[in-house]
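Counting in our numbering, the sequence shown runs from 1027 upward without gaps.
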Amino acid sequence: MNTFRLFFFSSMSENAATNNNNNNIMEKNQIVKEAIVSELQKKKVHLFYCLECEELARNIAAESDHITLQSINWRSFADGFPNLFINNAHQIRGQHVAFLASFSSPAVIFEQISVIYLLPRLFVASFTLVLPFFPTGSFERMEEEGDVATAFTMARIVSNIPISRGGPTSVVIYDIHALQERFYFADQVLPLFETGIPLLTKRLQQIPETEKVIVAFPDDGAWKRFHKLLDQYPTVVCTKVREGDKRIVRLKEGNPAGCHVVIVDDLVQSGGTLIECQLTI
């Protein structure tokens, strides 16, 4: 059996990104870059970015003459609190502005939110927040009294972005964990849920023997989230069963024999489920 692995997900921790195969991470970054370029190049945009996204921002700007990179001085005071400065603030008046964010940990959210709240107030024509992944997306519901749905908390924080001269902020999120999270955002912002699946299918069409490509979902949750977007391919669905103290991935339906298998999941943390799925298939 030939196995082609591409990890595709809605939310991925930085630890998982570090531990996974470098080729998979490069592929993921390329998909994110192409998706963001497609969205931003519809108009001339001044693109700001957080420190973590500098390389991605530069790659995005290199793809289109419509995107101009801008910079922020990310500094800290002696007590650790942010000391920030937006460069060329006067030059972006009347211009379309976007910010490429990464809420990879609670430690970096405050400084980025401080910038995000100010940019729309600088008399810009419009403001767009691009969030490649929504970090609390899997914590969107309460299963028992006392559970804290932090996805709702994060949505409320983002919903408080001030209105710019052009109206509400556009919040662009890629492959959010659950589509119903749209209703967690207030009317002050306009959430736009995009997906990189069309770019993924484009890549799959470039694989030799594309007729032998089969999509594998590690569990029912991933199948429910993405199967309608990939219905042109045969599928394999796995399931998690408990054996003693362990949860084991088992093949539920489908036959991957002799196929190029693409594993598509809706959430990656440690990467353990993806590895188990690969070994099972």
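From the three backbone atoms N, C-alpha and C, an ideal C-beta is built for every residue, glycine too.
Rounded to whole angstroms, what's the CA-CA distance from residue 1097 to residue 1079? Just pull it up for me. The residue given as residue 1097 occupies position 71 in the sequence shown. The residue given as residue 1079 occupies position 53 in the sequence shown. Rounded to whole angstroms, the separation of the alpha carbons of residue 1079 and residue 1097 is 12 Å.
Verify whether the separation of the beta carbon atoms of residue 1195 and residue 1174 is less than 8 Å. On the sequence shown, position 169 is the one that residue 1195 refers to. On the sequence shown, position 148 is the one that residue 1174 refers to. No, the Cβ-Cβ distance between residue 1195 and residue 1174 is not below 8 Å.
Name the DSSP bridge partner or partners of residue 1196? Indexing the sequence shown from 1 puts residue 1196 at position 170. According to DSSP, residue 1196 bridges with 1154, 1216.
DSSP three-state assignment for residue 1289, whether helix, strand or coil: Within the sequence shown, the letter at position 263 stands for residue 1289. Residue state, collapsed to three classes: strand.
DSSP state of residue 1122, grouped into three classes? Counting from 1 along the sequence shown, the entry for residue 1122 is found at position 96. Residue 1122 falls in the strand class under three-state DSSP.
From the DSSP secondary-structure annotation, give me the bridge partner or partners of residue 1223. Reading the sequence shown from its first residue, position 197 is the one you call residue 1223. Its beta-bridge partners do not exist; DSSP assigns none.
Ends of the beta strand (DSSP E) at residue 1108? Indexing the sequence shown from 1 puts residue 1108 at position 82. 1108-1112 is the span of the beta strand (DSSP E), which, as asked, contains residue 1108.
Of the residues 1160, 1150, 1203, the one placed nearest residue 1188, counting alpha carbons only: Sequence index remark: in the sequence shown, residue 1188 carries index 162 (1-based). For the residues 1160, 1150, 1203, the minimum Cα distance to residue 1188 belongs to 1150.
Going by DSSP in three states, residue 1184 sits in which element: helix, strand or coil? For the purposes of this step, residue 1184 is taken as the residue at position 158 of the sequence shown. Helix.
Please give me, in chain order, every unbroken run of the alpha helix (DSSP H) with length at least 4 that falls completely inside the segment 1223-1280. 1223-1230, 1246-1252
Backbone secondary structure at residue 1148 - three-state DSSP: Position 122 of the sequence shown, counted from the start, is the residue given in the question as residue 1148. In this structure, residue 1148 counts as coil in the three-state DSSP scheme.
Which residue's Cα is closest to the Cα of residue 1095: 1086, 1103, 1102? Translated into the one-based positions of the sequence shown, residue 1095 becomes position 69. Among 1086, 1103, 1102, the Cα nearest to that of residue 1095 is on 1086.
For residue 1298, does the count of other Cβ atoms within 10 angstroms reach 16, so buried, or fall short, so exposed? Walking along the sequence shown from the start, residue 1298 turns up at place 272. Looking at its Cβ environment, which holds fewer than 16 other Cβ atoms inside 10 Å, residue 1298 is exposed.
Can you look up residue 1202 in the DSSP assignment and give me helix, strand or coil? The sequence position of residue 1202 within the sequence shown is 176, counting from 1. In the structure shown, residue 1202 sits in coil (DSSP, three-state: anything other than H, G, I, E or B).
Put residue 1101 into one of helix, strand or coil per three-state DSSP. Start at 1 with the first residue of the sequence shown, and residue 1101 comes out as number 75. Here residue 1101 sits in strand by DSSP.
Between 1259, 1179, 1136, 1143, which has its C-alpha nearest residue 1285's C-alpha? Against the sequence shown, residue 1285 aligns to sequence position 259. When each option's Cα is compared against that of residue 1285, the closest is 1259.
Under the three-state reduction of DSSP, which class applies to residue 1209: helix, strand or coil? In the sequence shown, residue 1209 corresponds to position 183, counting from 1. Residue 1209 falls in the helix class under three-state DSSP.
Segment limits, alpha helix (DSSP H) that includes residue 1306: As a first step, residue 1306 is located in the sequence shown; it is residue number 280 there, counting from the start. 1298-1306 is the span of the alpha helix (DSSP H), which, as asked, contains residue 1306.
Just to check my reading of the structure: residue 1240 and residue 1261 have Cβ atoms closer than 8 Å, yes? What is that Cβ distance to the nearest angstrom? The residue you call residue 1240 lines up with position 214 of the sequence shown. The residue you call residue 1261 lines up with position 235 of the sequence shown. Confirmed, Cβ separation roughly 7 Å.
Could you compute how far the alpha carbon of residue 1072 sits from the alpha carbon of residue 1126? Residue 1072 sits at position 46 when you count from the first residue of the sequence shown. Residue 1126 sits at position 100 when you count from the first residue of the sequence shown. Spanning the two alpha carbons is a distance of roughly 11 Å.
Round the Cβ separation of residue 1307 and residue 1277 to the nearest angstrom and send it over; I've been treating them as touching at under 8 Å. Sequence index remark: in the sequence shown, residue 1307 carries index 281 (1-based). Sequence index remark: in the sequence shown, residue 1277 carries index 251 (1-based). About 7 Å; that satisfies the 8 Å criterion.
Using the Cα positions of residue 1102 and residue 1132, report the straight-line distance between them to the nearest angstrom. On the sequence shown, residue 1102 is found 76 positions in, with the first residue counted as 1. On the sequence shown, residue 1132 is found 106 positions in, with the first residue counted as 1. Taking the straight line joining both Cα atoms gives about 16 Å.
Are residue 1267 and residue 1274 closer than 8 Å when you measure CB to CB? Indexing the sequence shown from 1 puts residue 1267 at position 241. Indexing the sequence shown from 1 puts residue 1274 at position 248. Result yes, Cβ atoms of residue 1267 and residue 1274 sit closer than 8 Å.
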